[in-house]
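For the sequence shown, the residue numbers in this note's numbering are 3 to 304.
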Amino acid sequence: MTAITATQLDIEETARTTQANLNYLLPGPKINRRFVAAGVETNTGRYGPYPTTIRDGRSIKDHFSFDKHGFQLLDAPTVIADFHQKDEVEAKYKDEVCGYVQRAFGADLVVPTSWMIRTSGSLPEPKKTDEPYRHYGGIQPPAGEVHVDTEPSRQLAAAQRIYERTRPGGPGFKRFIISSFWRAFSEPPQACPLAVCDARSVRDDEGTPNVLWIVDKIPEGDAMFADMDDDKQLAAAIFRHNPEHRWWYFSGMARDEGLLFKFHDSDRSVGWRTPHTAFWDDSFPGANVRESIECRTIAFFE
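Written out as structure tokens, the structure reads:
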């Protein structure tokens, strides 16, 4: 965690603020899992709302940096006419995002890993299929708990697998950054935007693993806590309330902007991860349903 200087605080205190409840992890069961199926996501952990000040970075958007804050708002025009056209996103958008990420981080290689649309409005009925559910390229509700989608101890092995698969026989890498490129494509302002936490305000020892299970049907009751091989699954990090966390968002995001933020940077001498969450923003009466697309990538520095 890097220090926040007085000059930086002076600039940041000029930002507009809003008040909202953010959901943090509460004391509860020792087994933390997140089950996801088509159109629904459920945690075993207990979460509770904490009134939180969220600063609007719109007026000082050029102030933010990846090394300090862990995120930046980028100008990012897109060729995609309709993000609900899955074939178009597959054919064009992943490469487009990789280009933005490579330029932003200065990486040698950027590999897309997954993408998802999220909406705060009505979800479509899942299509009937005999295939198992894939948590990829669908439409899900906003994630409304403070989290980072990567749990630190599992990321080096994941990066090595992806690099070896993508660049067999390559020279290897000395650093990698896992990130999300988040774009709102519904009309601004959005009623349920994304808040991101200043990486400098998050201690390295914070976070509890939340194991991800992708299922066809969400289990119920005791079945959620049954013996399962959690160690071999992907996991996120979930967070307990810390009043030192400094929260930001960018109001009225347009479809030609992208919020790029870190899930995990292997270089921990800089801001290396950005907790985030959806929240309900009552700053703008009559705000619109939020529709957004997130595209996750891993950037390698050889």
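Where is the CB? At the ideal position from N, CA and C, for every residue including glycine. These numbers were taken from a predicted model, which means no experiment stands behind them.
Selection from the options that minimises the alpha carbon distance to residue i
i	options	result
Gln-87	Ala-106, Tyr-102, Gly-101, Trp-117	Trp-117
Ser-181	Glu-222, Gln-104, Gly-123	Gln-104
Phe-281	Cys-297, Arg-177, Thr-54, Thr-16	Thr-54
Ala-256	Trp-184, Pro-134, Trp-215, Thr-44	Trp-184
Glu-166	Ala-17, Lys-63, Val-272, Val-113	Val-113
Asp-69	Phe-107, Ala-237, Pro-128	Phe-107
Val-150	Arg-36, Phe-227, Tyr-138	Arg-36
Pro-51	His-243, Lys-264, Ala-237, Ser-268	His-243
Arg-177	Ala-228, Ala-289, Pro-128, Leu-111	Leu-111
Val-217	Phe-265, Leu-158, Cys-297, Tyr-138	Tyr-138
Cys-297	Val-204, Ala-160, Lys-94, Asp-283	Lys-94
Thr-44	Gly-146, Pro-245, Lys-129	Gly-146
Pro-245	Gly-223, Lys-264, Ser-203	Ser-203
Asp-200	Pro-128, Glu-127, His-247, Thr-80	His-247
Gly-174	Lys-129, Ala-109, Phe-286, Gly-223	Ala-109
Ala-289	Lys-129, Gly-223, Gly-123, Asp-89	Gly-123
Ser-268	Ser-155, Asp-89, Pro-287, Ser-285	Ser-155
Sheet register partners of residue i (DSSP bridge)
i	result
Thr-168	Note: Thr-168 sits in no beta bridge, so no partner.
Gly-30	According to DSSP, which records beta bridges pairwise, Gly-30 is partnered with nothing at all.
Asn-212	Ala-238
Gly-50	Tyr-26
Arg-185	Ile-295
Ala-316	Any property of residue 316 remains undetermined from this structure, which presents the chain solely from 3 to 304.
Trp-117	Cys-297
Val-197	Reading off the sequence, residue 197 comes out as Ala, not Val. The partner list for Ala-197 (beta bridge, DSSP) reads Thr-279.
Val-42	Ala-39
Lys-264	Ser-181
His-137	DSSP, once it has assigned bridges, lists no residue as partnering His-137.
Val-150	Ala-239
Arg-57	Thr-19, Trp-250
Gln-74	Leu-262
Asn-290	Gln-192
Gln-142	Arg-120
Residue environment, residue i, which counts as buried when at least 16 other CB atoms sit within 10 Å
i	result
Gly-209	buried
Lys-96	buried
Val-148	buried
Val-291	exposed
Asn-34	buried
Gly-273	buried
Thr-1	Here the chain covers residues 3 to 304 and nothing more, so residue 1 does not appear.
Asn-23	exposed
Gln-162	exposed
Leu-27	buried
Val-91	buried
Arg-205	exposed
Val-99	buried
Lys-130	exposed
Ala-83	exposed
Ala-225	exposed
Asp-283	buried
Ala-159	exposed
Glu-293	buried
CB of residue i within 8 Å of CB of residue j, strictly
i	j	result
Ile-240	Val-42	no
Asn-212	Gly-101	no
Gly-72	Arg-275	yes
Ala-238	Glu-153	yes
Ile-56	Thr-20	yes
Ile-295	Ile-179	no
Gln-157	His-266	yes
Ile-141	Thr-121	yes
Leu-1	Val-38	A question about residue 1 goes unanswered here, because the residues of the chain that appear run from 3 up to 304.
Phe-227	Pro-29	no
Arg-18	Asp-58	yes
Pro-143	Leu-125	yes
Meets three-Cβ-pair contact criterion under 8 Å: the segment 246-253 and the segment 190-199: Contact between the segment 246-253 and the segment 190-199 is present, with at least three C-beta pairs closer than 8 Å.
message: Can you confirm whether the segment 12-28 touches the segment 182-189 when touching is taken to mean that 3 or more C-beta pairs between the two stretches lie within less than 8 Å?
response: Taking 8 Å as the limit for Cβ pairs, the verdict is that the segment 12-28 does not touch the segment 182-189.
task: Say whether the segment 227-246 touches the segment 294-304, bearing in mind that this needs 3 or more beta-carbon pairs closer than 8 Å, one atom from each stretch.
output: Output reads no: the segment 294-304 does not touch the segment 227-246.
- prompt: Do the segment 69-86 and the segment 256-264 touch if we need at least three Cβ pairs shorter than 8 Å?
  reply: Short answer: they touch.
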